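J.:
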Amino acid sequence: PKKANKTNNQIYVGGLPYKMTEDDVKELFASCGNIVSINLPMNKQGKPAGFGFVVFENEDSIPKALTLDGNQIEGRFIQVRHGSYEESDKTSRDVIANALKHK
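No gaps in the numbering here: position 15 of the sequence shown is 65 in the numbering used here, and each next residue is one more.
#1: Considering I112, what are the terminal residues of the alpha helix (DSSP H) in which it resides?
#2: Can you tell me where the beta strand (DSSP E) holding Y68 begins and where it ends?
#3: Go ahead and pull the three-state DSSP assignment for P81.
#4: Report all residues from its chain with a CB closer than 7 Å to the CB of A99; omit the five preceding and five following residues, and keep chain order.
#5: Grab me the residues of M70's own chain with a C-beta within less than 6 Å of its C-beta, minus the 5 sequence neighbours each way, in chain order.
#6: Bridge partners of P98, per DSSP?
#7: Excluding the 5 residues flanking Y68 on each side, which residues of the same chain have their C-beta closer than 6 Å to its C-beta?
#8: Quick one: what's got a C-beta closer than 6 Å to R126's C-beta in the same chain, skipping five residues either side?
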């Protein structure tokens, strides 16, 4: 198994219920593999921002975690993407830009 590398072993999770804690996120992704760290950023008001990052011990956990994409938790549909928010956002922009080019 490959060693922890923040980019390769990290997922971005969006659409989290605001009251979810690190323990809740750990429980949600525990079946995917060993978790090295969880980061749930706060907004400017110091409240949960509704997204986070999970770093797994190895890359083998990523495909398992991605199967949770689109699951509904407390009325919110979560998005699970490999890598960081910036990477998934850039990919989305590229896909949209490409689609527009071919119209």
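We put the beta carbon where it would ideally sit given N, CA and C, even for glycine.
In this text the structure is predicted, and so the values were computed from the model without any measurement.
T.: On the basis of the coordinates in this document:
#1: 111 to 116
#2: Segment: none, Y68 is in no beta strand (DSSP E) and carries neither H nor E.
#3: According to the sequence shown, residue 81 is Ser rather than Pro. Three-state DSSP puts S81 in a helix.
#4: P91, M92, N93
#5: none
#6: M92
#7: P98, G100
#8: G65, P67
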